[in-house]
Amino acid sequence: MEKLHQLNILMHVIAGSGALIIGMIAFLTRKKAAKHRRYGTIFTWLMIIIVVTAMAGVIIFGRNTFLLVLTLLSGYNCFSGIRTMRLRGQKPRFLDYIVPIIVISSAVYYLYYINSIGLYWSPAVIYPTLGALFLLTIYDLCRGWMPVRFLQQSFIYEHVYKMLASYMAAVSAFSGTVFPQFKPYSQILPTFLGLLWIMIIFGSLRNKNAAKRIVS
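The sequence shown begins at 17 in my numbering and counts up one residue at a time.
Below you can see the structure in the form of structure tokens.
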């Protein structure tokens with residue numbers, strides 16, 4: 017069992033390192049280009065491996081329960097960001113309802129579990145992470161009642177936010193593991209940098225949309 021655990025860790029580390037590199041390349045390539053979609057697809061598959069190996073580490077091997085919530089946030093943001101782009105303003109499908117219900121249920125169980133065993137956790141990391149996850153899943157569950165016009169105008173912003181949030185959650189998990197002596201700051205700092213990056217991109221998108229309206 018220990019050898020399987022070590023293999024699981026190795027797969028998790030390789031997939032995580034690959035996701036950090038490929039994700040950055042995807043963000044830096046020109047959007048709507050084939051390379052962006054190709055790297056985005058690779059990033060998504062790497063995120064799947066990360067989530068699966070992290071869940072295996074907790075459920076099968078009983079290790080590292082603390083990082084599970086970051087994995088849930090990162091993995092769900094990636095899923096939702098891809099779904100947002102594929103729907104392109106259309107109403108959500110059945111899959112878009114069942115997955116957030118599973119994720120939010122897992123998060124609630126996680127909170128109950130760490131409380132039941134008396135595990136100490138950093139409130140500065142866990143509470144904001146769980147809050148972000150709850151807000152995201154609730155928003156996604158409410159998309160079916162949102163006007164189609166709003167969904168069509170906002171899907172690009174959603175895609176940008178969710179994919180960058182997925183990436184920065186992975187960075188937070190990585191930095192928290194590599195620099196444990198600086199917790200919780202080693203996990204909080206990537207979040208602030210990610211939010212700043214998102215705001216800069218949102219500003220750029222808003223200016224481009226405003227320019228298009230003026231031209232038309």
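C-beta: ideal position from N, C-alpha, C; glycine also.
The structure presented is a predicted model; accordingly, all values stated were derived computationally and were not measured.
By alpha-carbon positions, which one of the options ends up nearest to residue i?
| i | options | result |
| --- | --- | --- |
| Asn223 | Tyr173, Asn24 and Leu209 | Tyr173 |
| Gly210 | Asn131, Ser191, Ala185 and Val194 | Ala185 |
| Ala42 | Gly34, Arg53, Ser33 and Gly32 | Arg53 |
| Gly160 | Gln106, Met40 and Val124 | Gln106 |
| Val194 | Ser33, Gln22, Leu20 and Lys19 | Ser33 |
| Phe171 | Arg99, Leu36 and Ile75 | Arg99 |
| His21 | Val68, Gly73 and Trp213 | Gly73 |
| Val68 | Leu36, Lys51, Leu26 and Ser96 | Leu26 |
| Pro116 | Asn93, Tyr128 and Leu180 | Asn93 |
| Leu111 | Thr153, Pro196, Val164 and Leu44 | Thr153 |
| Ile76 | Gln197, Phe198, Asn24 and Tyr129 | Asn24 |
| Gly97 | Val85, Pro144 and Tyr155 | Tyr155 |
| Leu221 | Ser132, Arg165, Lys47 and Trp61 | Lys47 |
Can you look up residue i in the DSSP assignment and give me helix, strand or coil?
| i | result |
| --- | --- |
| Gly73 | helix |
| Gly97 | helix |
| Lys199 | coil |
| Lys51 | helix |
| Gly160 | helix |
| Gly91 | helix |
| Arg235 | There is simply no residue 235 to check, as the chain begins at 17 and stops at 232 in what is shown. |
| Gly78 | coil |
So residue i and residue j are supposed to be a Cβ contact under 8 Å. How far apart are they, rounded?
| i | j | result |
| --- | --- | --- |
| Ile64 | Thr87 | Wrong, their Cβ atoms sit about 11 Å apart, outside the cutoff. |
| Val176 | Ile217 | 5 Å |
| Phe59 | Ala35 | 6 Å |
| Leu146 | Ala123 | 6 Å |
| Phe150 | Ile120 | 6 Å |
| Leu180 | Ile214 | 5 Å |
What does a CB cutoff of less than 7 Å around residue i pick up in its chain, not counting 5 residues either side in sequence?
| i | result |
| --- | --- |
| Gln203 | Val141, Ser188, Ser191 and Gly192 |
| Tyr55 | Ile38, Ile41, Ala42 and Thr45 |
| Leu84 | Ala70, Val74 and Tyr126 |
Considering just the uninterrupted stretch of the alpha helix (DSSP H) at residue i, what are its terminal residues?
| i | result |
| --- | --- |
| Pro108 | Here Pro108 belongs to no alpha helix (DSSP H), and DSSP marks it neither H nor E. |
| Met179 | Val164 to Val194 |
| Lys19 | Glu18 to Leu44 |
For residue i, which residues in the same chain have their Cβ closer than 6 Å to its Cβ, ignoring the five residues on either side in sequence?
| i | result |
| --- | --- |
| Ser90 | Ser182, Ala185 and Ala186 |
| Gln168 | Gly105 |
Spatial neighbours of residue i within its chain, please: C-beta separation below 8 Å, excluding the five flanking residues on both sides.
| i | result |
| --- | --- |
| Lys178 | Asn93, Cys94, Ser96, Gly97, Thr100 and Leu152 |
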